[in-house]
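K.L.:
Number of protein chains: 2
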Amino acid sequence: MVTIRDIAEATGVSATTVSNVIHGKDNRVSAETIQKINEAIKELGYVPNMSARSLVSSSSRVIGFVNHVITRENTNFMEDPFHSAAIGAIEATLRENGYFLMLRTVENAEELVTFLQRWNMDGLFFTGIFKDKFFDSLAGLHIPVVLLDSYVHTSGFCNVGLEDFTGSYNATKHLIEKGHRQIGFASPNIKDGGVLQERFLGYKSALAEAGIPFEKGIVFQQEMDLNSCRQICNDIVEHPELTGLVVSADIMAAGIMTGLKEKGKRIPDDISIVGFDDISLAQLVDPPLTTIHQDMNLKGRLAVDFMLQLLNGKTLDTTEITLSTRLVERSSVKDLR
Amino acid sequence: MVTIRDIAEATGVSATTVSNVIHGKDNRVSAETIQKINEAIKELGYVPNMSARSLVSSSSRVIGFVNHVITRENTNFMEDPFHSAAIGAIEATLRENGYFLMLRTVENAEELVTFLQRWNMDGLFFTGIFKDKFFDSLAGLHIPVVLLDSYVHTSGFCNVGLEDFTGSYNATKHLIEKGHRQIGFASPNIKDGGVLQERFLGYKSALAEAGIPFEKGIVFQQEMDLNSCRQICNDIVEHPELTGLVVSADIMAAGIMTGLKEKGKRIPDDISIVGFDDISLAQLVDPPLTTIHQDMNLKGRLAVDFMLQLLNGKTLDTTEITLSTRLVERSSVKDLR
DNA sequence: TATAATGAGTTAAACGTTAAACTTTTTTGC
DNA sequence: GCAAAAAAGTTTAACGTTTAACTCATTATA
Chain W
11 MVTIRDIAEA
21 TGVSATTVSN
31 VIHGKDNRVS
41 AETIQKINEA
51 IKELGYVPNM
61 SARSLVSSSS
71 RVIGFVNHVI
81 TRENTNFMED
91 PFHSAAIGAI
101 EATLRENGYF
111 LMLRTVENAE
121 ELVTFLQRWN
131 MDGLFFTGIF
141 KDKFFDSLAG
151 LHIPVVLLDS
161 YVHTSGFCNV
171 GLEDFTGSYN
181 ATKHLIEKGH
191 RQIGFASPNI
201 KDGGVLQERF
211 LGYKSALAEA
221 GIPFEKGIVF
231 QQEMDLNSCR
241 QICNDIVEHP
251 ELTGLVVSAD
261 IMAAGIMTGL
271 KEKGKRIPDD
281 ISIVGFDDIS
291 LAQLVDPPLT
301 TIHQDMNLKG
311 RLAVDFMLQL
321 LNGKTLDTTE
331 ITLSTRLVER
341 SSVKDLR
Chain H
11 MVTIRDIAEA
21 TGVSATTVSN
31 VIHGKDNRVS
41 AETIQKINEA
51 IKELGYVPNM
61 SARSLVSSSS
71 RVIGFVNHVI
81 TRENTNFMED
91 PFHSAAIGAI
101 EATLRENGYF
111 LMLRTVENAE
121 ELVTFLQRWN
131 MDGLFFTGIF
141 KDKFFDSLAG
151 LHIPVVLLDS
161 YVHTSGFCNV
171 GLEDFTGSYN
181 ATKHLIEKGH
191 RQIGFASPNI
201 KDGGVLQERF
211 LGYKSALAEA
221 GIPFEKGIVF
231 QQEMDLNSCR
241 QICNDIVEHP
251 ELTGLVVSAD
261 IMAAGIMTGL
271 KEKGKRIPDD
281 ISIVGFDDIS
291 LAQLVDPPLT
301 TIHQDMNLKG
311 RLAVDFMLQL
321 LNGKTLDTTE
331 ITLSTRLVER
341 SSVKDLR
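Encoded structure:
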């Protein structure tokens, strides 16, 4: 391993001077020396040791991307298709700015803080359900925190979210406007404080507004895989009164469509379906899925923008961005009027 | 920040002793002292500083997950659905074993090595196209390297791959056996040395074996998004002689199916399609897609198994695993006999 | 001309942890 | 009862980098 001292010796100069050149504090160094040092760096193949740097400067240039999971069972970090799109954008931008990205799932505040402290993290992207006590733990760390799709009662952290409530409200309202009155709700397991809960509340709110009584029996919760969707379909067909279904995730909507078709149901003739997310799949299923569109890539870009501004010590004019959604009409909803 | 010295002072013992306790070298420490130290650690909330540890021990407990991209334009780290499934499994297992995961795209060997050196990485997962010179650069680092879906002429690295050639060969042969003779090939842009090239070669090999001349004009290359697929469809319909199409990725197959249906083509009546990967989407499109199945999650699990064995200094009985594929017949292929 | 300011560096200490080489006391074997 | 071994530590140096505080010429200012 070649160190800064090797470069110093090779150029007949002190380690400090080399360090200064590397960090662009060249005003203290002559042009000639700068050149000699840069040549030596290239020649000897010097690569800065981040551990040493991090140790002395207590800034590591590492940003954590942490997903809070309630339990690790059956949890795949990337299960949410959103993550894939966002992480791609985040990695690219961070790299361009000289930062590094570390991935992690955590189950609680202690794990989270320990993780951040161990590495002297410079920043944190947080996804998943944000509990109140996370705030206290994180605030003490004094690092930029950007929340992604996390619902928070009160926090000073940056937050990039989505109008989950309104989106789901609009999905439901769309069915109502098309003359539907018996509308079910299918979703991956709803956890308190998560996006799915918001989407559930949006559904309920639209029903209430239209004077349609909410019925527990037509809320279907299950895992997202195809087999679970097939199970849900067993329940759905036991409610022949249903003419419409709001599904809080496109992946699941697609699974349910497949399951219903297997049972001989026609979509949208027998039952209309509205999804959520507008992942590329939505255009590919048959019939193409009417769904609530969100721009996942943009969410990632906005999040990393926030992060960079915070890292550069800029003061922000906004700390919260809630992206709006938009209904994309395709062919999975029948007009009953 | 509370350090190992704070713990030492609090318990009236030396830093080394604390370090020993933390690392389970307790044979040198009395039970009583161990307990006192552990209590102090808990009480004061001590968290080891990985930078310091890494600096002195030249082992960081960080594993890199690096994706080699030819050019960063239009490249999303997670574009390949495989990555999502694999990274989930890898993160979980690494964490359980006290390792950390850093994500990165690189464009060349230099970037790769610099990345690994900066952080004193303990191991590397590598995906994407593996160039010969990568080997020389990596070998000098003396860290475990596990290749994922990378084709390599000769290397001492562990390798978890897939029978891409055979899978694609079987996909093509399936069409031939069903009486097809005019079979096109659609794929995301084929790069030398990648999995897509293998799949392309498998296609050609099956044609050759059946005595069907290969025609350049019916190989269609494009990006994977829906609009690019629609473009491909413009070209495909200009070859009305085609009765079958091998598509080297399910995502693309789904896009092409949509595009073709928009143009009034019936699948499989007008044209039969075989995909590759068997992502969940394959069951959800209409008609359900006949495709080549691979177990992406297993790939990730095997890769991380390799890594852990290498990290633990175990000698391996195998260093190469090539997963086999299997044709899953659904409804996108018509029997012409 | 004396003094201040600038340019181009250097030295020494510090960051938190670990490894190697010691030390001191107690126990064991014969 | 004495040497050897084990138990339970300690001391010191080192890992590679940065930062704060110096130094020593040379140039500019009044």
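Protein chains in written order, with our numbering: chain W, 11 to 347; chain H, 11 to 347.
Just so it is clear, CB atoms sit at the ideal spot from N, CA and C, and this is done for glycine as well.
These numbers were taken from a predicted model, which means no experiment stands behind them.
Since Met112(W) is in the beta strand (DSSP E), which residue starts that stretch and which ends it?
P.N.:
Within the first sequence, numbered from 1, the residue matching residue 112(W) stands at position 102. Start and end: 110-116.
K.L.:
For chain H, find out if any of its Cβ atoms is closer than 8 Å to the Cβ of Glu53(W); answer yes or no.
P.N.:
Working through the first sequence from its first residue, we reach residue 53(W) at position 43. No - not a single Cβ of chain H is within 8 Å of the one on Glu53(W).
K.L.:
I want to know whether the stretch 126-138 of chain H touches the stretch 154-161 of chain H - three or more CB-CB distances under 8 Å.
P.N.:
Segments in contact, yes.
K.L.:
Just the chain W side, please: which residues come within less than 8 Å of Ala196(H) by C-beta, in chain order?
P.N.:
Residue mapping note: residue 196(H) aligns to position 186 of the second sequence, counting from 1. Residues of chain W passing the Cβ test: none, with the nearest at roughly 15 Å.
K.L.:
Cβ closer than 8 Å: which chain W residues qualify as neighbours of Glu101(H)?
P.N.:
On the second sequence, position 91 is the one that residue 101(H) refers to. What Glu101(H) touches in chain W: Phe87, Leu113, Arg114, Thr115.
K.L.:
Quick check: what's the CA-CA separation for Thr26(H) versus Leu65(W)?
P.N.:
Here residue 26(H) refers to the residue found at position 16 when the second sequence is read from its first residue. Here residue 65(W) refers to the residue found at position 55 when the first sequence is read from its first residue. When rounded, the distance between both Cα atoms is 19 Å.
K.L.:
Tell me whether Leu326(H) is buried or exposed, calling it buried when 16 or more other Cβ atoms sit within 10 Å of its Cβ.
P.N.:
Translated into the one-based positions of the second sequence, residue 326(H) becomes position 316. Result: exposed.
K.L.:
Show which residues of chain W have a CB atom less than 7 Å away from the CB atom of Ser61(H).
P.N.:
Taking the first residue of the second sequence as 1, we reach residue 61(H) at position 51. The contacting residues are Ser61, Ser64, Leu65, Ser70, Asn130.
K.L.:
Whose Cβ in chain H lies nearer than 7 Å to the Cβ of Ala264(W)?
P.N.:
Within the first sequence, numbered from 1, the residue matching residue 264(W) stands at position 254. Leu294, listed in chain order.
K.L.:
With Gly269(W) and Ile228(W) assumed to form a contact (beta carbons below 8 Å), what rounded beta-carbon distance in angstroms separates them?
P.N.:
For this step, residue 269(W) is matched to residue 259 along the first sequence. For this step, residue 228(W) is matched to residue 218 along the first sequence. At roughly 16 Å, the Cβ-Cβ gap does not stay under 8 Å, so Gly269(W) and Ile228(W) are not in contact.
K.L.:
So does the stretch 186-204 of chain W actually touch the stretch 252-261 of chain W, counting three or more Cβ pairs closer than 8 Å?
P.N.:
Cβ pair count under 8 Å is three or more, so yes.
K.L.:
Using the rule of at least 16 other Cβ atoms within 10 Å of the residue's Cβ for burial, across every protein chain shown, is Met1(H) buried or exposed?
P.N.:
Residue coverage of chain H in this structure runs from 11 to 347, which leaves residue 1(H) outside it and unanswerable.
K.L.:
Using the rule of at least 16 other Cβ atoms within 10 Å of the residue's Cβ for burial, across every protein chain shown, is Gly177(H) buried or exposed?
P.N.:
For the purposes of this step, residue 177(H) is taken as residue 167 along the second sequence, with counting starting at 1. So Gly177(H) counts as buried.
K.L.:
Using a Cβ-Cβ cutoff of less than 7 Å, which residues in the same chain neighbour Thr332(W) once the five nearest sequence positions on both sides are dropped?
P.N.:
For the purposes of this step, residue 332(W) is taken as the residue at position 322 of the first sequence. Around Thr332(W): Gly171, Leu172, Glu173.
K.L.:
Can you name the residues that DSSP bridges to Leu337(H)?
P.N.:
Counting from 1 along the second sequence, the entry for residue 337(H) is found at position 327. Leu337(H) pairs with Ile302(H).
K.L.:
When DSSP labels each residue in this structure, what does Gln207(W) get in the three-state scheme?
P.N.:
Counted from its first residue, the first sequence places residue 207(W) at position 197. Three-state DSSP puts Gln207(W) in a helix.
K.L.:
I want to see whether chain H comes within less than 8 Å of Glu137(W), judged by CB atoms only; does it?
P.N.:
What you label residue 137(W) is simply residue 127 of the first sequence in a count that begins at 1. Correcting the residue type first, residue 137(W) is Thr in the shown sequence and not Glu. Output row for Thr137(W): interface = no.
K.L.:
What number of angstroms, rounded off, separates the C-alpha of Met317(H) from the C-alpha of Val28(W)?
P.N.:
Taking the first residue of the second sequence as 1, we reach residue 317(H) at position 307. Taking the first residue of the first sequence as 1, we reach residue 28(W) at position 18. The alpha-carbon atoms of Met317(H) and Val28(W) are separated by roughly 37 Å.
K.L.:
With C-beta atoms as the reference, is Gly265(H) less than 8 Å away from Leu291(H)?
P.N.:
Locating residue 265(H) in the second sequence gives position 255, counting from the first residue. Locating residue 291(H) in the second sequence gives position 281, counting from the first residue. Cβ distance not < 8 Å, so Gly265(H) and Leu291(H) don't count as in contact.
K.L.:
In chain H, what lies closer than 7 Å to Val57(W) by C-beta?
P.N.:
Mapped onto the first sequence, residue 57(W) falls at position 47. Under the 7 Å cutoff, chain H gives Thr124, Gln127, Arg128.
K.L.:
For the stretch 128-194 of chain W, list the alpha helix (DSSP H) runs that are entirely contained and at least 4 residues long, ordered along the chain.
P.N.:
Runs of the alpha helix (DSSP H) inside the stretch 128-194 of chain W: 142-149, 174-187.
K.L.:
Note down, in chain order, each residue of its chain lying with its Cβ closer than 8 Å to the Cβ of Gln231(W), except the 5 sequence neighbours on either side.
P.N.:
In the first sequence, the residue the question calls residue 231(W) occupies position 221. Taken in chain order, the residues that qualify are Ala196, Ser197, Pro198, Asn199, Ile200.
K.L.:
Using a Cβ-Cβ cut-off of 8 Å, state whether Arg320(H) counts as contacting chain W.
P.N.:
As a first step, residue 320(H) is located in the second sequence; it is residue number 310 there, counting from the start. Before going further, note that residue 320(H) is Leu rather than Arg in the sequence given. So, not an interface residue.
K.L.:
Determine which residues share a DSSP beta bridge with Glu330(W) and list them.
P.N.:
In the first sequence, residue 330(W) corresponds to position 320, counting from 1. In DSSP, Glu330(W) forms a bridge with Asn169(W).
K.L.:
When you compare the CB positions of Gly74(W) and Leu148(W), do they come within less than 8 Å of one another, or not?
P.N.:
The residue labelled residue 74(W) in the question sits at position 64 within the first sequence. The residue labelled residue 148(W) in the question sits at position 138 within the first sequence. Not in contact: Gly74(W) and Leu148(W) (Cβ atoms no closer than 8 Å).
K.L.:
Identify whether Ala196(H) lies in helix, strand or coil by the three-state DSSP scheme.
P.N.:
Taking the second sequence and counting its residues from 1, the one referred to as residue 196(H) is at position 186. The answer is strand: DSSP assigns Ala196(H) an E or B state.
K.L.:
For chain W, check one thing: does any of its Cβ atoms lie closer than 8 Å to the Cβ of Leu346(H)?
P.N.:
The residue you call residue 346(H) lines up with position 336 of the second sequence. It does not: the Cβ of Leu346(H) has no partner Cβ on chain W nearer than 8 Å.
K.L.:
Assuming Gly265(H) is part of the alpha helix (DSSP H), what are its boundary residues?
P.N.:
In the second sequence, the residue the question calls residue 265(H) occupies position 255. Note, Gly265(H): alpha helix (DSSP H), 260-272.
K.L.:
Pull up the distance between the alpha-carbon of Ile47(H) and that of Val23(H), whole angstroms please.
P.N.:
Here the question's residue 47(H) lines up with position 37 in the second sequence. Here the question's residue 23(H) lines up with position 13 in the second sequence. Answer to the nearest angstrom: the Cα atoms are 9 Å apart.
K.L.:
Using only the alpha-carbon positions, how far apart do Tyr179(W) and Phe144(W) sit?
P.N.:
The residue given as residue 179(W) occupies position 169 in the first sequence. The residue given as residue 144(W) occupies position 134 in the first sequence. The alpha-carbon atoms of Tyr179(W) and Phe144(W) are separated by roughly 29 Å.
K.L.:
Note down the Cα distance separating Thr190(W) from Ala313(H), rounded to an integer number of angstroms.
P.N.:
Residue numbering aside, residue 190(W) sits at position 180 when the first sequence is read from its first letter. Residue numbering aside, residue 313(H) sits at position 303 when the second sequence is read from its first letter. Reading the sequence as shown, one finds His at residue 190(W) and not Thr. Taking the straight line joining both Cα atoms gives about 50 Å.
K.L.:
To the nearest angstrom, report how far apart Val123(H) and Gly55(W) are at their CA atoms.
P.N.:
The residue you call residue 123(H) lines up with position 113 of the second sequence. The residue you call residue 55(W) lines up with position 45 of the first sequence. Distance between the alpha carbons of Val123(H) and Gly55(W) is about 11 Å.
K.L.:
Classify His78(H) as helix, strand or coil using the three-state DSSP reduction.
P.N.:
Along the second sequence, one-based indexing puts residue 78(H) at 68. The answer is strand: DSSP assigns His78(H) an E or B state.
K.L.:
Rounded to the nearest angstrom, how far is the Cβ of Ala220(H) from that of Ile186(H), given a contact under 8 Å?
P.N.:
Taking the second sequence and counting its residues from 1, the one referred to as residue 220(H) is at position 210. Taking the second sequence and counting its residues from 1, the one referred to as residue 186(H) is at position 176. Confirmed, Cβ separation roughly 5 Å.
K.L.:
In the structure shown, what three-state DSSP assignment does Asp315(H) receive?
P.N.:
The residue given as residue 315(H) occupies position 305 in the second sequence. The answer is helix: DSSP assigns Asp315(H) an H, G or I state.
K.L.:
Where do the ends of the beta strand (DSSP E) carrying Ile283(H) lie?
P.N.:
As a position in the second sequence, residue 283(H) is number 273, starting the count at 1. Run containing Ile283(H): 282-287, per the beta strand (DSSP E) assignment.
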